[in-house]
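Visitor: Just so it is clear: in the sequence shown, position 159 is 163 by my numbering, and no numbers are missing. Think of the CB as a built atom: it goes at the ideal place given N, C-alpha and C, for glycine as much as any other residue. Predicted, not measured: the structure shown is a model, and the values here were computed from it.
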Amino acid sequence: MDAQRRSEIAERGRKLLPELHRAVVDSWPDLLPAAATWSPQSARRARRAALAALEGILRAIEQGDVSDRAWKWLRDEVFVHEKGGDDTEQLVRSVRVVGVETLAGSLAATIGLSHDERWQLQREASGFCEALLGIHEELDPAAYDALLAELQRSGPDLR
Numbered sequence: 005m006d007a008q009r010r011s012e013i014a015e016r017g018r019k020l021l022p023e024l025h026r027a028v029v030d031s032w033p034d035l036l037p038a039a040a041t042w043s044p045q046s047a048r049r050a051r052r053a054a055l056a057a058l059e060g061i062l063r064a065i066e067q068g069d070v071s072d073r074a075w076k077w078l079r080d081e082v083f084v085h086e087k088g089g090d091d092t093e094q095l096v097r098s099v100r101v102v103g104v105e106t107l108a109g110s111l112a113a114t115i116g117l118s119h120d121e122r123w124q125l126q127r128e129a130s131g132f133c134e135a136l137l138g139i140h141e142e143l144d145p146a147a148y149d150a151l152l153a154e155l156q157r158s159g160p161d162l163r
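1) Assuming arginine 16 contacts isoleucine 115 under a Cβ cut-off of 8 Å, what Cβ separation, rounded to an integer in Å, is found between them?
2) For a test of the three-state rule: what should DSSP assign to valine 11, helix, strand or coil?
3) Secondary structure at valine 95, three-state DSSP: helix, strand or coil?
4) Please classify threonine 41 as buried or exposed, where buried requires at least 16 neighbouring CB atoms within 10 angstroms.
5) Quick check on the DSSP output: the alpha helix (DSSP H) that includes valine 29 runs from which residue to which?
6) What are the complete alpha helix (DSSP H) segments, minimum 4 residues, inside the region 97-134?
7) Can you tell which of His25, Thr92, Leu58, Asp6 has its C-alpha closest to the C-alpha of alanine 39?
8) Which of the three DSSP states is assigned to glycine 17 in this structure?
9) Can you give the Cα-Cα distance for leucine 24 and valine 101, rounded to whole angstroms?
10) Thinking C-beta only, is isoleucine 13 closer than 8 Å to valine 137?
11) Considering only C-alpha positions, which residue in the set Arg10, Pro33, Phe83 is nearest to alanine 56?
12) Which class does glycine 138 belong to by DSSP, given the choice of helix, strand or coil?
13) So for serine 43, helix, strand or coil by DSSP?
14) Mind checking which residues open and close the alpha helix (DSSP H) that includes alanine 74?
15) What does the alpha-carbon distance come out to for the pair tryptophan 32 and glycine 103?
16) Helix, strand or coil: how does DSSP classify glycine 68 here?
This is the structure we're talking about:
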């Protein structure tokens with residue numbers, strides 16, 4: 005995807021933010037059952053966190069990354085909710101699954117998002133959410149090759 009197409013996707017996504025956000029929040033009874041037990045203040049923080057995550061995904065799609073300052077703000081916004089943990093993971097998952105799928109469907113209908121662009125959008129959003137949660141680190145190719153060489157050198161398992 006070239007820079008112009010990324011900008012077009014992000015611009016359209018920003019116009020769709022209220023719809024995307026509503027779809028994410030509406031999915032919580034199914035995807036995040038704990039939401040039913042949140043206090044009104046926790047629910048407001050969760051809605052704010054979901055919106056921040058959606059905005060972050062759009063910024064990352066357009067720019068390829070977010071600034072350190074924006075990344076810190078985003079993590080603070082998302083992790084303020086319920087002290088992190090499983091609720092936060094499920095909240096971000098709902099953004100990734102429902103929000104990005106809603107965005108992709110709308111983009112396919114309005115600007116002709118191709119299958120390859122849809123796949124790339126979903127892949128980048130998934131990587132963004134994993135990085136946001138801190139649950140996935142990319143190995144650089146040299147480290148991966150070194151790991152494979154060490155496994156080969158050490159021989160087969162004993163069992």
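Guide: A quick look at the data gives this:
1) 6 Å
2) The sequence shown places serine at residue 11, not valine. Three-state DSSP puts serine 11 in a helix.
3) Reading the sequence as shown, one finds leucine at residue 95 and not valine. In this structure, leucine 95 counts as helix in the three-state DSSP scheme.
4) exposed
5) 21-35
6) 104-114
7) Thr92
8) helix
9) 11 Å
10) As written in the sequence, residue 137 is leucine, which differs from the valine given in the question. No. Outside cutoff.
11) Proximity to alanine 56 across Arg10, Pro33, Phe83 peaks at Phe83, based on C-alpha coordinates.
12) coil
13) coil
14) 72-83
15) 12 Å
16) coil
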